[in-house]
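Working notes for the structure below.
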Ligand code: SF4
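Numbering (our numbering), first residue to last: 15 to 341.
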């Protein structure tokens, strides 16, 4: 049997009715849902496997520490990595780690029970960062940046103690795009969220295997698998308003123009420094004609060749001309 990270790119599953038509009964409905779930599972595994391969995220003998918060994304990450572990061409270990930050009402039994049932090695790190953050941050101010900094330091220490060679986080495509937008709008930088990086202490490799996965797929997968989700609002901190607004904007774009978010993700993989304005990336100061024609050269006077509008554009209502009547 051959093993592979990336399954066949074809998500289609055979039509089990045999005649190309969907069964009309409720059994048919169940079959249709099963088929959709199967397609979703294949897509999640394929995109995650692809991100792992393309960024060389996991190699032979790696011990991958999966950071499990109890949210849909980290449950999805662990679940998909377990599936890939069974068929990957390399051997690697998984260890799930949860940091119990001692937020009031944190249901501490949920993750140990879930992980024991799953048979996955795990470690729960108990650290009361909640009290530290509460002490240091004035009421009403956002606690997230100090909280995240503390959490990061603890997780790096735990990774060292466990002998983990990779730290896997559950950020997905939509997180990456939202970060890109936020950095453009508020940070003056063209900067997203890398699929693989070296930690700021220089000692760990951090990976984001869900970098190509859409959030809506993870939401759906959490429903399919009925993950025991732990709400993330226990700390009482307000969600970052700007991130929330950017998230809504991205969702609305995707609704109006399906495929736009995937296109944006592809744009991050297809950067043309000569057509941006970063003098560190392209030597504009020393740029001179070479005298050699190039198909890749800029056609400075022509409009960009953009693809034809998709059907989503075609479906947009035509402009209505409203004639204003004089009173
Ligand atoms: S939402 Fe709460 S737990 Fe999450 S980073 Fe912010 S302060 Fe920390």
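Beta carbons: idealized from backbone N, C-alpha and C, even for Gly.
Treat the numbers as computed from the prediction; the structure is a model and nothing was measured.
In this structure, DSSP gives residue 211 an extended state, which the three-state scheme calls strand.
For residue 295, no beta strand (DSSP E) encloses it, and the DSSP letter there is neither H nor E. Checking the DSSP bridge columns, you'll see residue 136 partnered with 110. Annotation for residue 77: the continuous beta strand (DSSP E) segment containing it runs 77-81. Cβ neighbours of residue 98 within its own chain (closer than 8 Å, five residues either side excluded): 19, 59, 62, 63 and 66. Contact between residue 76 and residue 120 does not hold, since their C-beta atoms are separated by about 30 Å, which reaches or exceeds 8 Å.
Looking only at 311, 101 and 155, the smallest Cα-Cα distance to residue 17 is reached by 101. In this structure, residue 162 has its CB closer than 6 Å to one or more heavy atoms of the ligand SF4. If you check the CB distance, residue 114 and residue 122 come in under 7 Å.
Within the stretch 196-283, the complete alpha helix (DSSP H) segments of 4 residues or longer fall at 229-239, 255-270 and 274-282, listed in chain order. In this structure residue 81 touches residue 169 by the C-beta definition: roughly 6 Å separates them, less than 8 Å. Contact annotation: the stretch 221-230 touches the stretch 87-94, with at least three C-beta pairs closer than 8 Å. Between residue 138 and residue 244, the C-beta spacing is not below 7 Å.
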